[in-house]
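Colleague: For the protein sequence lines, the chains are A and B, in the order given.
Each residue of the first sequence is one higher than the last, beginning at 150 in our numbering.
Each residue of the second sequence is one higher than the last, beginning at 150 in our numbering.
Here a beta-carbon is modelled for each residue, glycine too, at the ideal position from N, C-alpha and C.
Quick one: the structure is below, questions incoming.
2 protein chains.
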Amino acid sequence: MATINDVAKLAGVSTMTVSRVLNNSKHISAETRARVEQAIATLGYVPNALARSLRFKQSNMIALILSDITNPFFTAVARGVEDVARAHDLSVIFCNTDESEVEELKYLQLLLQRQIDGCLLVPSSNAQESLMLLRSKMVPCVVLDRRVADGQVDCVRCDSEDGAFQLVQHLIALGHRRIAMLSGPPHVSTASERVLGYRRALEDAGLPIDENLIVFGQYSEESGYQMAQQVLAYDSRITGCFAANNFIAFGALQAFREAKLRIPDHISLVSFDDIAYANTLEPFFTAMTQPAYQIGLRAAEMLLERLNGEGPEQAREVLLPIELVIGQSSGPAPLSRV
Amino acid sequence: MATINDVAKLAGVSTMTVSRVLNNSKHISAETRARVEQAIATLGYVPNALARSLRFKQSNMIALILSDITNPFFTAVARGVEDVARAHDLSVIFCNTDESEVEELKYLQLLLQRQIDGCLLVPSSNAQESLMLLRSKMVPCVVLDRRVADGQVDCVRCDSEDGAFQLVQHLIALGHRRIAMLSGPPHVSTASERVLGYRRALEDAGLPIDENLIVFGQYSEESGYQMAQQVLAYDSRITGCFAANNFIAFGALQAFREAKLRIPDHISLVSFDDIAYANTLEPFFTAMTQPAYQIGLRAAEMLLERLNGEGPEQAREVLLPIELVIGQSSGPAPLSRV
DNA sequence: CTGTTAGCGCCTTCAT
DNA sequence: ATGAAGGCGCTAACAG
Chain A
150 MATINDVAKL AGVSTMTVSR VLNNSKHISA ETRARVEQAI ATLGYVPNAL
200 ARSLRFKQSN MIALILSDIT NPFFTAVARG VEDVARAHDL SVIFCNTDES
250 EVEELKYLQL LLQRQIDGCL LVPSSNAQES LMLLRSKMVP CVVLDRRVAD
300 GQVDCVRCDS EDGAFQLVQH LIALGHRRIA MLSGPPHVST ASERVLGYRR
350 ALEDAGLPID ENLIVFGQYS EESGYQMAQQ VLAYDSRITG CFAANNFIAF
400 GALQAFREAK LRIPDHISLV SFDDIAYANT LEPFFTAMTQ PAYQIGLRAA
450 EMLLERLNGE GPEQAREVLL PIELVIGQSS GPAPLSRV
Chain B
150 MATINDVAKL AGVSTMTVSR VLNNSKHISA ETRARVEQAI ATLGYVPNAL
200 ARSLRFKQSN MIALILSDIT NPFFTAVARG VEDVARAHDL SVIFCNTDES
250 EVEELKYLQL LLQRQIDGCL LVPSSNAQES LMLLRSKMVP CVVLDRRVAD
300 GQVDCVRCDS EDGAFQLVQH LIALGHRRIA MLSGPPHVST ASERVLGYRR
350 ALEDAGLPID ENLIVFGQYS EESGYQMAQQ VLAYDSRITG CFAANNFIAF
400 GALQAFREAK LRIPDHISLV SFDDIAYANT LEPFFTAMTQ PAYQIGLRAA
450 EMLLERLNGE GPEQAREVLL PIELVIGQSS GPAPLSRV
């Protein structure tokens, strides 16, 4: 790979002159500039951004750490991030933690070595270790999707508790009384808050809460499948089910089908999801939809502000609106169930 | 951020000694090593990978260039790539081209500046410009999902023509005679090859080919929607439809629903997709499924080999198996249609 | 076992 | 308008 020196040699100038041409410095004679540009072209010279980064102590790379890019919700988030990044010539390094705090910290270590300028983080837990690490290295960070105890970091997310409340209220309004709650990892804020919303909706309606109908697991299809089976084994008469996310909902769907439970005739199933996937003409899932793309976009923009030293001193929390989309997976509670 | 020099000073040794400790060099006294490690810990020192890269002329970063991470197929590919990369301490920079060759080249330029070690590319066209650029810079590349004219590059993909052939054969076996073909961008190999397979299946069955039933567009929902409408406007009696990918299928689904066409009673709809999304108990879409995750995995492994200077001299082409999954979106052709 | 020198490619500072 | 020197953080090669 040709270096700036090769260009300089070929053009018969000093490296500084080449550097000036590259950076559009004013004080360059048109003739020299032309000669340098000629040399650049013939050598196919490409500036070394690593060397540049070393000088400037700025890599123009940011990290996107999330649990699983395979989840359409996070995919949309990632796309929002990438669109902003591209517009600013930032490169995005992406990392899947699979909700493992250990993986998250391992990644962070690697990313700090790579001198990332900033970090977008979907925290795998509410432990603040990652945030403290980033702060100790003065690397700006914006937390996405989830709440963290730490009060000093920007955060873009939706109101999980309220969303859960509305979803369960929807089921209650349809006449459902025995409603299962299949949630994610308890240390993840969205999972615990959705349970809180579930509880509040039941209490609000004066309905009893059966703790055995509340199950925590993983945000995965397998886990959703297992949780649904577990709940059915405990009480086959449930008529409603609230899955804390789309993967859990798919898993539950499987379990219900295998149990010969028709949706929504025998059982209603509601969940959280990305808005894009629910926005069809006749959505199947009744879901609380979140603007995933916007979450990524907004978070990336906020990170950019921090990188530029802009924005208010204190941490900001942005709550993006959610919307209940009613699909075919929820309907009136059946009068009786075996 | 503390540097290696700060550590050296604090430990009262030279920077080289610190470097040796960091790289687990043998010839270090236990006592010195301990002192250095102590200094590293108290300073919270993190080695600068950029400086290291500059020395080694190796960044340990690879690029993943694809059309749209939002497509579950590519998401699964990305996940496969990332899993391999993580296992080898490589970082993945990801880029969406939206099928634009211009974007692709712009990205490539940026990535070359960042000194990526290798590139995984879902080419936006069969133009070889990108490949020639990479080759001129000696950056190894593996092409994913699509065929390119260039015969000197490793490629991991599925057999689109054969898959299309089987899908259309499936429709024909069900009695369908008037089958629409909604494809992607004509310069993308998967799009053109799926049309070829479509043609071959019809010819094989001795059925006439109506060129007006073959439409090219984008691999997007909107485009699928429009193409379906266009085809319906031309001939409302079609009973079968082959969408070249999942997004097109979704768009077509919308259009058919709006036209009050029930699936599969009035019209059968088949497409290509990722295997994970079709592998449910009762899949809705009849689809030719591709092992997306495996494609990413395999491609990343092949790239790794190239990075290590391994593998055969000449280019390899890996064809991964595809599988027809029959869902509820295809059924016997109706006897008559309005 | 440890230190010195030099250089990866680039750019800021100071000369000319 | 152009060039020379020096250093960003790191390590290979060579001392000692």
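So which of Phe243/A, Ser479/A and Ser332/A has the shortest CA-CA distance to Asp232/B?
Modeller: The sequence position of residue 232/B within the second sequence is 83, counting from 1. Asp232/B has its Cα closest to that of Phe243/A, out of Phe243/A, Ser479/A and Ser332/A.
Colleague: Please compile the residues from chain A whose C-beta is within a distance smaller than 8 Å of the C-beta of Asp238/B.
Modeller: Walking along the second sequence from the start, residue 238/B turns up at place 89. Those within 8 Å of Asp238/B in chain A are Leu259.
Colleague: Looking only at its own chain, which residues have a Cβ that is under 7 Å from the Cβ of Gln375/A, when we skip the five neighbours before and after it?
Modeller: In the first sequence, residue 375/A corresponds to position 226, counting from 1. Taken in chain order, the residues that qualify are Gly366.
Colleague: Within the continuous alpha helix (DSSP H) that includes Thr438/B, where are the two ends?
Modeller: Sequence index remark: in the second sequence, residue 438/B carries index 289 (1-based). Where Thr438/B is concerned, there is no enclosing alpha helix (DSSP H), although the beta strand (DSSP E) it sits in stretches over Thr435 to Gln439.
Colleague: Roughly how many angstroms lie between the CA atoms of Gly460/A and Asp238/A, to the nearest whole one?
Modeller: Here residue 460/A refers to the residue found at position 311 of the first sequence. Here residue 238/A refers to the residue found at position 89 of the first sequence. Between the alpha carbons of Gly460/A and Asp238/A lies a distance of about 21 Å.
Colleague: Three or more C-beta pairs under 8 Å: does that hold for the region 294-301 of chain A against the region 316-330 of chain A?
Modeller: no
Colleague: When you compare the CB positions of Leu280/A and Val302/A, do they come within less than 8 Å of one another, or not?
Modeller: Here residue 280/A is taken as the residue at index 131 of the first sequence, counted from 1. Here residue 302/A is taken as the residue at index 153 of the first sequence, counted from 1. It is a contact, given that the beta carbons lie within the stated cut-off.
Colleague: Taking 8 Å as the threshold (C-beta atoms), are Gln264/A and Gly216/A in contact?
Modeller: On the first sequence, position 67 is the one that residue 216/A refers to. On the first sequence, position 115 is the one that residue 264/A refers to. Correcting the residue identity first, residue 216/A is Ser in this sequence and not Gly. No, Cβ-Cβ distance for Ser216/A and Gln264/A is not below 8 Å.
Colleague: Pairing CB atoms from the region 426-441 of chain B with CB atoms from the region 472-482 of chain B, are three or more of them under 8 Å?
Modeller: yes
Colleague: Output yes or no for whether 8 Å exceeds the beta carbon distance between Glu310/B and Leu345/B.
Modeller: Along the second sequence, one-based indexing puts residue 310/B at 161. Along the second sequence, one-based indexing puts residue 345/B at 196. Against a cut-off of 8 Å, the Cβ pair of Leu345/B and Glu310/B comes out as a contact.
Colleague: Show which residues of chain A have a CB atom less than 7 Å away from the CB atom of Val241/B.
Modeller: Position 92 of the second sequence, counting from 1, holds the residue named residue 241/B. Correct list: Ile242 and Phe243.
Colleague: Pick from Ala313/A, Arg201/A and Gln258/A: whose alpha carbon is nearest that of Asp422/A?
Modeller: For the purposes of this step, residue 422/A is taken as residue 273 along the first sequence, with counting starting at 1. The shortest C-alpha separation from Asp422/A is found at Ala313/A.
Colleague: I need the straight-line Cα distance from Asn361/A to Ser168/B, nearest angstrom please.
Modeller: Here residue 361/A refers to the residue found at position 212 when the first sequence is read from its first residue. Here residue 168/B refers to the residue found at position 19 when the second sequence is read from its first residue. Cα-Cα distance, rounded: 56 Å.
Colleague: Please list the residues of the region 320-338 of chain A that have a C-beta atom closer than 7 Å to any C-beta atom in chain B, keeping them in chain order.
Modeller: none
Colleague: Which residue from Ser420/B, Leu453/B, Ile444/B and Glu454/B puts its Cα closest to that of Leu473/B?
Modeller: By 1-based counting over the second sequence, the position of residue 473/B is 324. That would be Ser420/B, whose Cα lies nearest to the Cα of Leu473/B.
Colleague: Name the chain B residues that come within less than 8 Å of Val170/A, Cβ to Cβ?
Modeller: Taking the first residue of the first sequence as 1, we reach residue 170/A at position 21. Ordered by position in chain B, no residue passes the 8 Å Cβ test against Val170/A, which lies about 16 Å from the chain.
Colleague: Have a look at Val487/B and Tyr368/B and give me their C-alpha separation to the nearest angstrom.
Modeller: Residue 487/B sits at position 338 when you count from the first residue of the second sequence. Residue 368/B sits at position 219 when you count from the first residue of the second sequence. Any reading at Val487/B is ruled out, since the residue's pLDDT is 45, under 50, leaving its predicted position unreliable.
Colleague: Under 8 Å by Cβ, that's how I've got Pro481/B and Leu351/B pegged, so tell me the actual separation to the nearest angstrom.
Modeller: Translated into positions along the second sequence, residue 481/B becomes position 332. Translated into positions along the second sequence, residue 351/B becomes position 202. Contact flag wrong, Cβ pair sits at about 18 Å.
Colleague: Got a sec? Which residues, its chain only, sit under 6 Å from Leu468/A by beta carbon, not counting five neighbours each side?
Modeller: Within the first sequence, residue 468/A is the residue found at index 319, counting from 1. So the list reads Asp308, once near-sequence residues are dropped.
Colleague: Could you compute how far the alpha carbon of Arg343/A sits from the alpha carbon of Ala393/A?
Modeller: Looking up residue 343/A in the first sequence gives position 194. Looking up residue 393/A in the first sequence gives position 244. Cα-Cα distance, rounded: 7 Å.
Colleague: Under DSSP, the alpha helix (DSSP H) around Ser338/A begins and ends at which residues?
Modeller: Within the first sequence, the letter at position 189 stands for residue 338/A. That run of the alpha helix (DSSP H) goes Ser338 to Asp353.
Colleague: Hey, Val195/B and Val156/B: beta-carbon distance below 8 Å or not?
Modeller: Here residue 195/B refers to the residue found at position 46 of the second sequence. Here residue 156/B refers to the residue found at position 7 of the second sequence. Against a cut-off of 8 Å, the Cβ pair of Val156/B and Val195/B comes out as no contact.
Colleague: Taking the alpha carbon of Ser285/A as the point to measure from, which residue in Gly267/A, Arg228/A and Arg465/A has its own alpha carbon closest?
Modeller: If you number the first sequence from 1, residue 285/A lands on position 136. Of the candidates Gly267/A, Arg228/A and Arg465/A, the one whose C-alpha sits nearest the C-alpha of Ser285/A is Gly267/A.
Colleague: From the DSSP output, read off the bridge partner residues of Thr242/A.
Modeller: Indexing the first sequence from 1 puts residue 242/A at position 93. Contrary to the premise, residue 242/A reads as Ile rather than Thr in this sequence. Note: Ile242/A sits in a beta bridge opposite Ala212/A and Ile242/B.
Colleague: Give the range of the beta strand (DSSP E) segment to which Ile328/A is assigned.
Modeller: Reading the first sequence from its first residue, position 179 is the one you call residue 328/A. Segment Ile328 to Ser332, the beta strand (DSSP E) holding Ile328/A.
Colleague: Is there a Cβ of chain B sitting closer than 8 Å to that of Gly193/A, yes or no?
Modeller: Taking the first sequence and counting its residues from 1, one reaches residue 193/A at position 44. Chain B contact via Cβ: present.
Colleague: What beta strand (DSSP E) runs, 3 residues minimum, are completely inside the region 256-287 of chain A?
Modeller: Along the region 256-287 of chain A, the beta strand (DSSP E) occurs as fully enclosed runs of 3 or more residues at 267-270, listed in sequence order.
Colleague: With distance defined between alpha-carbon atoms, name the residue in Val288/A, Ser163/A, Ala160/A and Ala190/A nearest to Asn457/A.
Modeller: Looking up residue 457/A in the first sequence gives position 308. Among Val288/A, Ser163/A, Ala160/A and Ala190/A, the Cα nearest to that of Asn457/A belongs to Val288/A.
Colleague: For Ile424/B, count neighbouring C-beta atoms within 10 Å of its own C-beta (all shown protein chains included) and say buried if the count is 16 or more, exposed if not.
Modeller: Taking the second sequence and counting its residues from 1, one reaches residue 424/B at position 275. Buried, by the Cβ-count rule.
Colleague: Under a Cβ-count criterion, where at least 16 other Cβ atoms within 10 Å of its own Cβ denotes burial, should Asn173/B be classed as buried or exposed?
Modeller: For the purposes of this step, residue 173/B is identified with residue 24 of the second sequence, where counting begins at 1. Flag for Asn173/B reads exposed.
Colleague: Identify the contact partners of Ala227/B in chain A, using a Cβ-Cβ distance below 7 Å as the criterion.
Modeller: The residue given as residue 227/B occupies position 78 in the second sequence. Ordered by position in chain A, the residues that pass the 7 Å Cβ test against Ala227/B are Ile218.
Colleague: Could one say the Cβ of Arg204/B lies closer than 8 Å to chain A's Cβ atoms, at least one of them?
Modeller: Looking up residue 204/B in the second sequence gives position 55. Not an interface residue.
Colleague: Are there 16 or more other CB atoms within 10 angstroms of the CB of Arg327/B, so buried, or fewer, so exposed?
Modeller: Locating residue 327/B in the second sequence gives position 178, where the first residue counts as 1. Buried is the call here.
Colleague: At what residues does the beta strand (DSSP E) containing Ile363/B begin and finish?
Modeller: Residue numbering aside, residue 363/B sits at position 214 when the second sequence is read from its first letter. Segment Ile363 to Phe365, the beta strand (DSSP E) holding Ile363/B.
Colleague: For Arg204/B, which of Phe205/A, Lys206/A and Ala200/A has the nearest alpha-carbon?
Modeller: What you label residue 204/B is simply residue 55 of the second sequence in a count that begins at 1. Nearest C-alpha to Arg204/B: Ala200/A.
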